[in-house]
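Read the structure below first, then the notes.
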Amino acid sequence: MILFLTRTYFPEGTNGKLECEGKLICYTIELPWKRNERGISCIPEGKYFIRKRYSAKYKWHLELVDVPNRTYILIHPANNAQKELRGCIAPVTKLSGPGLGLMSRKAFTKLKDLVYKALDNKESVELIVQ
Numbered sequence: 001m002i003l004f005l006t007r008t009y010f011p012e013g014t015n016g017k018l019e020c021e022g023k024l025i026c027y028t029i030e031l032p033w034k035r036n037e038r039g040i041s042c043i044p045e046g047k048y049f050i051r052k053r054y055s056a057k058y059k060w061h062l063e064l065v066d067v068p069n070r071t072y073i074l075i076h077p078a079n080n081a082q083k084e085l086r087g088c089i090a091p092v093t094k095l096s097g098p099g100l101g102l103m104s105r106k107a108f109t110k111l112k113d114l115v116y117k118a119l120d121n122k123e124s125v126e127l128i129v130q
């Protein structure tokens with residue numbers, strides 16, 4: 001499975017559109033681009049594999065593998081990139097401003113169900129960020 005994340009950059013945050021086979025899954029919010037600096041920047045454009053991950057904080061969620069100079073780049077619910085993200089990607093149902101979105105948990109569940117189904121069927125899941 002290949003997911004495409006098409007970004008729009010703003011000084012306050014990064015907004016995206018996440019698609020699979022030409023169909024919209026959800027929108028995304030991230031921190032603004034600040035040269036891949038840990039904790040304050042979105043990740044570089046490129047190809048990343050996605051795997052399942054569990055933590056006490058987020059329960060079952062998604063992690064991007066082999067992000068250059070970064071660790072624990074996750075896909076988890078958040079509605080405000082500046083307040084809730086440190087480089088991760090948050091799915092949202094609707095964009096409400098640069099780095100801001102609405103109904104993140106609903107969008108996250110839709111994305112997680114889709115990705116987990118593919119992973120459970122032993123498919124690889126790739127995210128192309130552009």
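First residue of the sequence shown? That's 1 in full-length UniProt numbering, and the numbers climb one at a time after it.
Don't be surprised by glycine CBs; every beta carbon is placed ideally from N, CA and C.
Since we're looking at a predicted model, the values are computed, not measured.
Look at the beta carbons and you see the region 106-114 touching the region 57-76: at least three pairs across the two are nearer than 8 angstroms. Of the candidates G87, I50 and T6, I50 places its Cα closest to the Cα of K117.
Runs of the beta strand (DSSP E) spanning 3 or more residues and lying entirely within the UniProt domain "DUF5675" (5-116) occur at 14-20, 23-30, 46-55, 59-65, 73-75, 90-92, 94-97 and 100-102, in chain order. In this structure the region 51-61 does not lie against the region 7-26, because fewer than three pairs of beta carbons, one per stretch, are closer than 8 angstroms.
The beta carbon of K17 sits closer than 7 angstroms to those of T6, L24 and Y27, all from its chain and outside the five residues before and after it, given in chain order.
As the crow flies, the alpha-carbon of L100 is around 10 angstroms from that of P91. C-alpha of N80 to C-alpha of K112: approximately 19 angstroms in a straight line.
In chain order, R86 and G87 place their CB closer than 7 angstroms to the CB of G39, counting only its own chain and leaving out the 5 sequence neighbours on each side. Across the structure, Q130 and P11 are spaced so that their CA atoms are roughly 17 angstroms apart. The Cβ atoms of P68 and G97 lie no closer than 9 angstroms to each other.
The distance from the Cβ of T8 to that of W33 is about 11 angstroms, inconsistent with a contact at the 8 angstroms cut-off.
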